[in-house]
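Asks: Protein chains in written order, with the numbering used here: chain L, 92 to 417; chain U, 703 to 1167.
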Amino acid sequence: MTRLHIPTWSSRLGRAGGWPVATALLLSAMAAPAAAQLSSTIPGVPTAAVPTLSRSWGQASLDMALRWESTDPRIRRAGDGRIGITRSYRIGQNLELGVGFTAADASLVLWEPDETEERPALWDGSVGYDVSLGAKYRVLSLVDLDGHGLEAAVFATFSPAHEPAVRVRQRGEGEWQTGGLLLGGEGEEEAGALPLVRVPAASSAGIVASYRGSRLLADVALEHSRESDMEEAPWVRRWPGTSLQAGLMVRVGRALHVGGSYWGEGAPPWGNAPVREGFEEVGDASVALVFGSGERRGAGTRLMVSTPTGDFGGSVRIMIVNFRAR
Amino acid sequence: MYSRRLVKLRLVRGQVFTPELMVRLPGDETLLGVEPRMSSGDSLLMQPTGRGGMLAAREGRTVIEAEGAGRTFRWEVTIESPGIRVDLPSAVLPVGEPMRPAALHVDLDGSILGEATGVTWESLDPSVLEVRDGLLIGRSIGVATVVARGGGVEDRARVNVLGDLIVAVRSGRETTLRTLTLDDGEVHELPAGSPRGTEPAVAPTGEWVAFVVPGLLSSRVHLMRPDGSEVRRAAPDVPGILGLRTGWYREHRPAWSPDGQTLYFLSNAGGGYGVWALEIGSGEMRRLGSPSHHVRAFSIDPVSGDLVLERTRGSEASDLFTIRSDGTGLTRIFDGGDTAWYPYLYQDPVAFGEGNTLVARRSNAFHPALGEDVVLLRPMSANPAGRVAALVPAEPESWIRHAVSPSGGYVAFIRGRRGGSGAARIHLYGMDREVVRPVELEGGFQAEALAWLAERSRMLQGVVR
Chain L
92 MTRLHIPTWS SRLGRAGGWP VATALLLSAM AAPAAAQLSS TIPGVPTAAV
142 PTLSRSWGQA SLDMALRWES TDPRIRRAGD GRIGITRSYR IGQNLELGVG
192 FTAADASLVL WEPDETEERP ALWDGSVGYD VSLGAKYRVL SLVDLDGHGL
242 EAAVFATFSP AHEPAVRVRQ RGEGEWQTGG LLLGGEGEEE AGALPLVRVP
292 AASSAGIVAS YRGSRLLADV ALEHSRESDM EEAPWVRRWP GTSLQAGLMV
342 RVGRALHVGG SYWGEGAPPW GNAPVREGFE EVGDASVALV FGSGERRGAG
392 TRLMVSTPTG DFGGSVRIMI VNFRAR
Chain U
703 MYSRRLVKLR LVRGQVFTPE LMVRLPGDET LLGVEPRMSS GDSLLMQPTG
753 RGGMLAAREG RTVIEAEGAG RTFRWEVTIE SPGIRVDLPS AVLPVGEPMR
803 PAALHVDLDG SILGEATGVT WESLDPSVLE VRDGLLIGRS IGVATVVARG
853 GGVEDRARVN VLGDLIVAVR SGRETTLRTL TLDDGEVHEL PAGSPRGTEP
903 AVAPTGEWVA FVVPGLLSSR VHLMRPDGSE VRRAAPDVPG ILGLRTGWYR
953 EHRPAWSPDG QTLYFLSNAG GGYGVWALEI GSGEMRRLGS PSHHVRAFSI
1003 DPVSGDLVLE RTRGSEASDL FTIRSDGTGL TRIFDGGDTA WYPYLYQDPV
1053 AFGEGNTLVA RRSNAFHPAL GEDVVLLRPM SANPAGRVAA LVPAEPESWI
1103 RHAVSPSGGY VAFIRGRRGG SGAARIHLYG MDREVVRPVE LEGGFQAEAL
1153 AWLAERSRML QGVVR
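1. Go ahead and label I182/L buried or exposed: buried means 16 or more other beta carbons lie within 10 angstroms of its beta carbon, across all protein chains shown.
2. If contacts are defined as beta-carbon pairs under 8 Å, then F1115/U and V1094/U qualify, I think. What distance do you get, rounded to the angstrom?
3. Within the chosen definition, does the region 1031-1045 of chain U reach the region 1079-1090 of chain U through at least 3 CB pairs nearer than 8 Å?
4. Taking the DSSP output, what are the residues bridged to L990/U?
5. Once DSSP output is grouped into helix, strand and coil, what is the label at L746/U?
6. Is the CB-CB distance between D827/U and V855/U below 9 Å?
7. Report, in whole angstroms, the separation of the C-beta atoms of V871/U and F1068/U, which I expect to be a contact under 8 Å.
8. Who does A850/U pair with in a DSSP beta bridge?
9. Given V997/U, which residues of its chain have a CB within under 8 Å of its CB, disregarding the five upstream and five downstream residues?
10. Which term fits R988/U, buried or exposed, when burial requires 16 or more other beta carbons within 10 angstroms of its beta carbon?
11. Could you list which residues in chain U have their beta carbon closer than 8 Å to that of G304/L, in chain order?
12. I'd like to know whether the C-beta atoms of W777/U and L723/U end up nearer to each other than 9 Å.
13. Does DSSP classify I843/U as helix, strand or coil?
14. My output table needs one value for L711/U: the three-state DSSP class, helix, strand or coil.
15. Which residues of chain L have a Cβ atom closer than 8 Å to the Cβ of A999/U, listed in chain order?
16. Do V863/U and S842/U have their C-beta atoms within less than 9 Å of each other?
17. Starting from M155/L, trace the beta strand (DSSP E) both ways and give me its first and last residue.
18. Going by the CB atoms, is the gap between A1096/U and R867/U shorter than 9 Å?
19. Out of curiosity, what's the CA-to-CA distance linking V794/U and S1109/U?
20. Which residue marks the beginning of the beta strand (DSSP E) containing W354/L, and which one marks its end?
21. With a threshold of 16 other CB atoms inside 10 Å of the CB of F403/L, please say whether the residue is buried or exposed.
22. Please decide whether D307/L counts as near chain U, where near means a Cβ-Cβ distance under 9 Å.
23. Does the Cβ of G172/L have 16 or more other Cβ atoms within 10 Å, making it buried, or fewer, making it exposed?
24. When the distance is taken between beta carbons, is P956/U closer than 9 Å to V914/U?
25. Would P993/U pass as an interface residue toward chain L - the criterion being a Cβ-Cβ separation below 9 Å?
26. Given a threshold of 16 other Cβ atoms within 10 Å of its Cβ, counted over all protein chains shown, does S305/L qualify as buried or as exposed?
27. Taking all protein chains shown into account, do 16 or more other C-beta atoms lie within 10 angstroms of the C-beta of P1170/U, making it buried, or fewer, making it exposed?
28. Just how far apart, CA to CA, sit F414/L and G391/L?
29. With L1078/U and V1061/U assumed to form a contact (beta carbons below 8 Å), what rounded beta-carbon distance in angstroms separates them?
30. Can you find a C-beta in chain L that's less than 9 Å from the C-beta of A1067/U?
31. Please classify G1073/U: does DSSP put it in a helix, a strand, or coil?
32. Let me check understanding here. Comparing Cα to Cα, which of A1019/U, G1121/U and F1054/U lies closest to L1047/U?
33. Where do the N-terminal and C-terminal ends of the beta strand (DSSP E) with N413/L fall, by residue?
34. In chain U, which residues lie less than 9 Å from E386/L when you measure between Cβ atoms?
35. Can you find a C-beta in chain U that's less than 9 Å from the C-beta of L231/L?
36. When the Cα atoms are used, what is the spatial distance from A243/L to L231/L?
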């Protein structure tokens, strides 16, 4: 018989000896959309265009992932999601500064019943944040008055190290919170404080070229990322290295765009990737399908469909991004 | 004026010579305004005006004297016939349209003495330009030389007999500049050849046409004579982003000042589009307004010379500003974000000298598929109901390029399908919403952009009905 528990990764993996690991895995996902802190029209891929339509560019994203194929037979389902907002500002003609903020992370795990220990369901939730900063300087602009044409830019991003989350766990009648505040409950594992999770600082720099046409959107970026050294092994990987990212979208109707994103080894389009045990998280090259709507340049919605494990048979990731020049 | 030498002096007939004595007093003080007593050796040639001056009345040579402060000064005067200069209202004349020519008397240094009378006119190319009853009448597309004669002197001028509009038309993959006669829809090649280009703008004097030659890595404003000759770059390359002289930037939307001496255009040499001004005479260039202002379109008021700027705000609104030609006085006259104007997007404003009334194209910001129309826009009107008046109805899935006639009486526009870049017909509307029938382009051309060369005195004749 299958029982439904609502713990995070941390509870299950914690029993295997790694509370901090599990907590880090959970919370690190909060850093994801913040990486897109600069104006972008193809999710996850930078664009060379600066907000010429106005002085600022706003973007909101909802990122959800569901996994149902695990290497741990006791884990059957897992999901997480987060909301990110970014805002970027044009300074002068070519400089764009951006800031990204990620919050409202949630996680859901479905366990196989643990008949031997007869433990009740464990619910583990968290609230966290992440801040990411970016700057982009356009070095080439061959666009027409409607913004159609070729542009190129250099960019750099920075995400500070942080301890981002407050976690709350619940099993039966007991509740625990990060910092060791014991609100109740019993049990050896849960009696202790929930540890903080440190996420390493990360930075990246790259170049990007973009083409904007009435029917075709294309971005190609080469990005080099690095993460700061930490005393402990980082449980949240920024996937340092050099990656090639590309996005292509074609307008097939009045307001419908269809295309795809590609990213090489390194940070995937949604930014940082946590190291999840129990599932095959990949930092390898992968692709995503992208669907878009919006008749006006500078405003629209994107739906990106991918897989966090590299296998659509075992996982799916959906990101919805709404952007608008303001 | 202390010289007692015989000074030689050249005058033209009609010119007045008025000497003035300056008397130096003891102590290095001077006394000005001493009116000398004038006399002439030949009173038929040089006649006293009664105000201390002498009028050169006839051609010839004589000696005049001025007496004052106890001294006498003498000039040997040679009087010549004045020059003559053709003074046409415009260097462009539509086919079939009359033009009344004029000529001016000028002195030796070219200063205007007055209107020349009794001038006879002759066309050296009567098949192109006919002289009849003192009028110049365009007969066929071409360039004609007209000669004005009077008083033993003559002057010549070139008259470009063209169509009503200069249009950028696409045939195959190439877009060229040609001239269109509205009465028959004929697209004519320019007399000296039709250069590749688009976005034409005709100088108010008719002497130059500015246009854009598009390219892969750059687009540049060029100049040509209305007949298509003397094609050359308008402005030199300027430093681009990071101060690099790569030449990789674009120039668009040339427009002329009312006197035709300044050419304005949009350039993104610095990254974003802004208005640049080029003085045709000196070649001096300057940028108007702040470099951080991204200007998408602009127009020049033909009366005041002020500029109207369109600056897109967000993806669904445009603000309109005015700015003086010296780059000062930036004032917003239209707040596109004002909910009173929502949800429409007003673009490509054209000022035509009617105060703050503009002609603009309008689209629905949230439903662009509804197409575009052309409206009269009065942003400063105190009456909200009178701020927008539709001129041209919208058609679904359409875009519009429009141009207002020199008198402000008509709007010519191209309406194309969304996703396309041209149309095979040009529409003509009166500002009083009088509908003029569309003009079908002959020869399979697709019009992309247009500008008025000249406006007929009776525009509707031959075009409507």
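Note that CB positions come from ideal geometry on N, CA and C, so glycine has one too.
Given the structure is predicted, the values throughout are model-derived calculations rather than measurements.
Replies: Once the coordinates are examined:
1. As a first step, residue 182/L must be located in the first sequence, where it is residue number 91. Burial call: exposed.
2. As a first step, residue 1115/U must be located in the second sequence, where it is residue number 413. As a first step, residue 1094/U must be located in the second sequence, where it is residue number 392. At roughly 7 Å, the Cβ-Cβ gap stays under 8 Å, so F1115/U and V1094/U are in contact.
3. As far as the Cβ criterion goes, the region 1031-1045 of chain U touches the region 1079-1090 of chain U, which means the pair count is three or higher.
4. Your numbering for residue 990/U matches position 288 in the second sequence. Paired residue(s): V977/U.
5. For the purposes of this step, residue 746/U is taken as the residue at position 44 of the second sequence. Coil, per DSSP.
6. Indexing the second sequence from 1 puts residue 827/U at position 125. Indexing the second sequence from 1 puts residue 855/U at position 153. Against a cut-off of 9 Å, the Cβ pair of V855/U and D827/U comes out as no contact.
7. Within the second sequence, residue 871/U is the residue found at index 169, counting from 1. Within the second sequence, residue 1068/U is the residue found at index 366, counting from 1. The beta carbons of V871/U and F1068/U sit about 33 Å from each other, so the pair does not count as a contact at 8 Å.
8. Taking the first residue of the second sequence as position 1, residue 850/U is located at position 148. W823/U and D857/U, per the DSSP bridge assignment.
9. In the second sequence, the residue the question calls residue 997/U occupies position 295. Result list for V997/U: L968, Y975, G976, V977, G991, L1011, E1012 and R1013, in chain order.
10. One-based indexing of the second sequence puts residue 988/U at position 286. Exposed, since its Cβ has fewer than 16 Cβ neighbours within 10 Å.
11. Numbered from its first residue, the first sequence carries residue 304/L at position 213. Those do not exist, as G304/L stays about 11 Å from chain U at its closest Cβ, beyond 8 Å.
12. Sequence index remark: in the second sequence, residue 777/U carries index 75 (1-based). Sequence index remark: in the second sequence, residue 723/U carries index 21 (1-based). No, Cβ-Cβ distance for W777/U and L723/U is not below 9 Å.
13. Counted from its first residue, the second sequence places residue 843/U at position 141. I843/U: coil per DSSP, three-state reduction.
14. Against the second sequence, residue 711/U aligns to sequence position 9. In the structure shown, L711/U sits in a strand (DSSP, three-state: E or B).
15. Here residue 999/U refers to the residue found at position 297 of the second sequence. Annotation: Cβ neighbours of A999/U in chain L (cutoff 8 Å, chain order): L236.
16. Within the second sequence, residue 863/U is the residue found at index 161, counting from 1. Within the second sequence, residue 842/U is the residue found at index 140, counting from 1. Result yes, Cβ atoms of V863/U and S842/U sit closer than 9 Å.
17. Along the first sequence, one-based indexing puts residue 155/L at 64. Counted as a single uninterrupted DSSP element, the beta strand (DSSP E) harbouring M155/L occupies residues S147 to R158.
18. Here residue 867/U corresponds to residue number 165 of the second sequence, with the count starting at 1. Here residue 1096/U corresponds to residue number 394 of the second sequence, with the count starting at 1. Per the sequence shown, residue 867/U should be read as Leu rather than Arg. Contact flag unset, no.
19. Position 92 of the second sequence, counting from 1, holds the residue named residue 794/U. Position 407 of the second sequence, counting from 1, holds the residue named residue 1109/U. Cα to Cα, V794/U sits roughly 15 Å from S1109/U.
20. Locating residue 354/L in the first sequence gives position 263, counting from the first residue. Segment L347 to W354, the beta strand (DSSP E) holding W354/L.
21. Looking up residue 403/L in the first sequence gives position 312. Exposed.
22. As a working note, residue 307/L is residue 216 in the first sequence. Rather than Asp, the amino acid found at residue 307/L in this sequence is Leu. It does not; no Cβ of chain U falls within 9 Å.
23. For this step, residue 172/L is matched to residue 81 along the first sequence. G172/L counts as buried, since no fewer than 16 other beta carbons sit within 10 angstroms of its beta carbon.
24. Translated into the one-based positions of the second sequence, residue 914/U becomes position 212. Translated into the one-based positions of the second sequence, residue 956/U becomes position 254. Going by C-beta atoms, V914/U is nearer than 9 Å to P956/U.
25. Position 291 of the second sequence, counted from the start, is the residue given in the question as residue 993/U. Interface residue, yes.
26. Looking up residue 305/L in the first sequence gives position 214. Under this definition S305/L is an exposed residue.
27. Residue 1170/U lies beyond the range of chain U shown here (703 to 1167); nothing can be said about it.
28. Here residue 414/L refers to the residue found at position 323 of the first sequence. Here residue 391/L refers to the residue found at position 300 of the first sequence. As the crow flies, the alpha-carbon of F414/L is around 6 Å from that of G391/L.
29. Walking along the second sequence from the start, residue 1078/U turns up at place 376. Walking along the second sequence from the start, residue 1061/U turns up at place 359. Contact holds; Cβ gap of about 6 Å.
30. For the purposes of this step, residue 1067/U is taken as residue 365 along the second sequence, with counting starting at 1. Yes, because at least one Cβ of chain L sits closer than 9 Å to the Cβ of A1067/U.
31. Taking the second sequence and counting its residues from 1, one reaches residue 1073/U at position 371. In this structure, G1073/U counts as coil in the three-state DSSP scheme.
32. Numbered from 1 along the second sequence, position 345 holds the residue referred to as residue 1047/U. For the residues A1019/U, G1121/U and F1054/U, the minimum Cα distance to L1047/U belongs to A1019/U.
33. Taking the first residue of the first sequence as position 1, residue 413/L is located at position 322. That run of the beta strand (DSSP E) goes S406 to A416.
34. Along the first sequence, one-based indexing puts residue 386/L at 295. Residues of chain U with a Cβ closer than 9 Å to the Cβ of E386/L are, in chain order, F1068, H1069, P1070 and A1071.
35. Numbered from its first residue, the first sequence carries residue 231/L at position 140. By this cut-off, L231/L is an interface position.
36. Sequence index remark: in the first sequence, residue 243/L carries index 152 (1-based). Sequence index remark: in the first sequence, residue 231/L carries index 140 (1-based). If I take the Cα positions, the gap works out to 5 Å.
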